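Quick note on our numbering: the sequence shown kicks off at -8 and runs consecutively. Glycine included, each C-beta is placed from N, C-alpha and C at the ideal position. Quantities reported herein were computed from a predicted structural model and do not represent experimental measurements. Below: the structure, in structure tokens.
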Amino acid sequence: MHFHRTLLILSFFMAHVNVQSQVKMDVKTANEKLYRPAFHFTPKQGWMNDPNGMVYLNGQYHLFFQHYPDGTVWGPMHWGHATSSDLVQWKEQPIALYPDSIGMIFSGSAVLDKNNTSGLGRGGIAPLVAIFTQHYMPGEKAGRTDFQNQSIAYSLDEGKTWTKYAGNPVLKTPNIKDFRDPKVIWHEPTQKWIMNLAVADHIEFYSSPNLINWRKESEIGKNLFAHGGVWECPDLLHINKNGKTIWVLLVSMNPGGPNGGSATQYIVGDFDGHAFKPYSTDIKWMDYGPDNYAGVTFSNVGERNILIGWMSNWNYANVVPTEKWRSAMTVPRELSLIVQPSYKNGKINLNSDDIFLVSNPVKELNAKFIKTMSKENFVIENTYSLSTEKNPIPKRIDLKAALPNDFEIVFSNNFNEKLIIGYDTAKKQYYIDRSKAGISNFNEGFAAVAVAPKFRLRSELYMYLSIILDKTSVELFVDGGRTVMTVLFFPTHPFTNCVLQSKTYLGLRSLNLYN
Ligand code: FRU
């Protein structure tokens, strides 16, 4: 009798546990379905931040990333790893680098050491060499200043397995606590490796013949450009424009971004292997939205400059409402330059050009989308639906408009949630309003409108706009990529409706929708 009662209680309890775990499972699956992006890279599980060590080799793009596999908040950093043959479809690989006695594995880069300058190659195999910061947490906790140092590791099997260099760290901190995120490039004219490193409020350049011995060349940035927060994750790249090599320095900064928290600024200039000379001290942002940070470019891709950023913001990255994983990467973007003569008092100013770094989705992404609608030369008055029964929400919208009046593109659901992308002619600003786009109570500043300037070129008659929409992100590329905004949002139900609206009218030369 007694025994039976125990059994009964036990089976009741078990059933209860089952129901509970079923409910939990359903919530998990629902969260997964609602928020896991369809075509942006996310780790299977656990935490992710910055892209690291992006390098191309033998038909594969390698994306390493800041990763804490055992939790969904920032923790002891590893380098996760994913590969892709087309920059779109990523396959997660085993973890590449684990923390060790020197420290956690913070951000950094990877290069193919073609000529085996490091001597780490074997049997004719050129090594992939990763250069990264090691962060020694006990040192930080003890209030020391020497806890960030640069180490290297190498791989002889195309990034599958890595061996840490026995003489790590290869570049010790001069006792500055923010001393991190080495991005290494090969500088052809001087035949040297160049490392750019974020050092609190400036960038330092180091050179090396072999990736092991580093010598400081110069620094730039103290009291110049934007300084709302600590400088992190630099990149130095060059773009050939009209027969000239122009250098671009990317500097991520947190906080102090144009729409709060983290953002990436860019500086255009010359680099001679020793020092970087900016053409101007204007402050320019690669992406005005709140959710593109720590972006850097791939190594070993020839003349192309392909950037991927971390699609989040330190203001709320740890608390966004995803459950199994946290954070996604942006779509890969091709970087190039637009040069236009600047004007002074109505005359061309021969002493300076306006140079814009422009970002556009890589062409590889086109294969991801199928055109569902295409229309030319028409005028929109009031409201025009971009939803069809079969494809309620386009994944991509490309439009070419005559220089526009105010207009908005609105994604919405039947639960009073909407995401608005618009242009305000009076303010000459683009905006993305996520204030009513879903869950936002996890962070005070999340429900906000992000704004960005329109940079109109003198000869320009049209506005080009491209929107890429995934389940929790929108990426806006306007005016050839001069203004870019990346914005996250978390609707409680998927958006099911999309309209283009204007209080006056909007003349469209073309409108293309994709799914
Ligand atoms: C940027 C950053 C880097 C650092 C890494 C740590 O988001 O703070 O400066 O190396 O993240 O995860």
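For residue i, count the other beta carbons within 10 Å of its own beta carbon; 16 or more makes it buried, fewer makes it exposed. Which is it?
i, result
"T152", "exposed"
"L504", "buried"
"H72", "buried"
"K268", "exposed"
"I0", "At I0 the pLDDT is 45, less than 50, meaning the model places this residue with poor confidence; the figure from the coordinates comes in the next sentence. Result: exposed."
"I507", "The requested residue 507 is not part of the displayed model; the chain covers only -8 to 506."
"T463", "buried"
"Y334", "exposed"
"M(-8)", "Only weak support is given to the placement of M(-8): the predicted model assigns it a pLDDT of 33, under 50, and the value that follows is read from those uncertain coordinates. Label assigned to M(-8): exposed."
"L215", "exposed"
"V64", "exposed"
"F433", "exposed"
"S376", "exposed"
"E179", "exposed"
"L491", "buried"
"A319", "buried"
"N40", "buried"
"P323", "buried"
"S109", "buried"
"N336", "exposed"
"C489", "buried"
"M5", "Since pLDDT at M5 reaches only 48, below the 50 mark, its modelled position is unreliable, and no value is offered."
Which one of the options has the shortest CA to CA distance from residue i?
i, options, result
"P249", "Q492, T477, V490", "T477"
"N49", "Y197, D61, L103, I86", "L103"
"S303", "A29, I203, W38, K24", "W38"
"F406", "K362, I430, V64", "I430"
"V292", "K19, V46, Q36, A21", "V46"
"S378", "F347, F486, V330", "F486"
"L228", "V287, Q256, V353", "V287"
"S101", "A87, V120, S109", "Residue identity check: residue 101 is Ala in the sequence provided, not Ser. A101 has its Cα closest to that of V120, out of A87, V120, S109."
"A393", "R206, L452, F196, G110", "L452"
"V190", "K168, D61, A441", "K168"
"K418", "G234, F262, A443", "A443"
"G94", "R171, D192, F196", "R171"
"Q420", "F446, N296, L390, R206", "F446"
"K386", "K338, D461, S450", "D461"
"I176", "Q331, S76, G134, W238", "W238"
"L162", "A133, G251, G134, Y197", "Y197"
"H31", "A133, K381, S75", "S75"
"I412", "M364, K391, L467, N382", "L467"
"A157", "P352, G234, D91", "D91"
"N404", "N506, M364, F481", "F481"
"T313", "E83, R473, K338, T483", "T483"
Using a threshold of 8 Å, state whether the C-beta atoms of residue i and residue j are closer than that.
i, j, result
"I423", "V475", "no"
"P194", "L202", "Note that residue 194 is Ile in the sequence shown here, rather than Pro. Against a cut-off of 8 Å, the Cβ pair of L202 and I194 comes out as no contact."
"H587", "M68", "Only positions -8 to 506 of the chain appear in this structure, which leaves residue 587 out of reach."
"G150", "I122", "no"
"I384", "I458", "no"
"H126", "Q139", "yes"
"Y145", "T154", "yes"
"G220", "G247", "yes"
"G498", "V401", "no"
"L479", "D282", "yes"
"T416", "D397", "yes"
"L329", "G115", "It should be pointed out that residue 329 corresponds to Ile in this sequence rather than to Leu. Result no, Cβ atoms of I329 and G115 do not sit closer than 8 Å."
"L410", "A428", "yes"
"K252", "W305", "Strictly speaking, residue 252 in this sequence is Gly, with Lys absent from that position. In contact: G252 and W305 (Cβ atoms closer than 8 Å)."
Which whole-angstrom value is the C-beta distance of residue i and residue j, which I expect to be below 8 Å?
i, j, result
"I574", "P42", "The question about residue 574 has no answer here: the residues shown for the chain are numbered -8 through 506."
"S327", "D278", "Between D278 and S327 the Cβ distance is about 15 Å, and since that is not below 8 Å, they are no contact."
"Y284", "F437", "Y284 to F437, Cβ: 15 Å. No contact."
"S501", "E367", "5 Å"
"L78", "E355", "5 Å"
"E399", "Y496", "In fact, because the Cβ distance is near 13 Å, the residues do not count as touching under 8 Å."
"W70", "G44", "7 Å"
"K19", "K315", "7 Å"
"P225", "K183", "The pair is not a contact, with the Cβ atoms about 17 Å apart (cut-off 8 Å)."
"I274", "A217", "5 Å"
"L448", "V469", "Contact flag wrong, Cβ pair sits at about 12 Å."
"A87", "F55", "6 Å"
Answer yes or no: does any C-beta atom of chain C fall closer than 8 Å to that of residue i?
i, result
"K386", "In the structure shown, chain C does not exist; there is a single protein chain."
Regarding residue i and the ligand SAH, is the C-beta to nearest heavy atom distance less than 7 Å?
i, result
"R171", "Judged by which ligands are present, the ligand SAH is missing from the structure shown, whose ligands are the ligand FRU."
- Which runs of the beta strand (DSSP E) spanning at least 3 residues fall entirely within the region 350 to 402, listed in chain order? 362 to 376, 387 to 393
- Please specify which runs of the beta strand (DSSP E), each continuous and at least 3 residues long, are wholly inside the region 407 to 438, giving them in chain order. 409 to 415, 420 to 427
- Only counting runs of 3 or more residues, tell me where the beta strand (DSSP E) segments fall wholly within the region 431 to 481, in order along the chain. 440 to 444, 453 to 460, 464 to 469, 474 to 479
- Query: Can you give, in chain order, each stretch of the alpha helix (DSSP H) that sits fully within the region 242 to 284 and has at least 4 residues?
  - Reply: none
- Item | Runs of alpha helix (DSSP H) lying entirely within the region 288 to 334, each at least 4 residues, in chain order | none
- Task: Quick one: which unbroken alpha helix (DSSP H) runs of 4-plus residues sit fully inside the region 95 to 151? Chain order, please.
- Result: 128 to 132
- Considering only residues of the region 48 to 87, which uninterrupted beta strand (DSSP E) runs meet the minimum length of 3 residues and lie entirely inside it, listed in chain order? 51 to 59, 69 to 75
- Query: Quick one: complete beta strand (DSSP E) runs, 3+ long, within the region 193 to 245?
  - Reply: Correct list: 193 to 199, 206 to 211, 221 to 232, 235 to 245.
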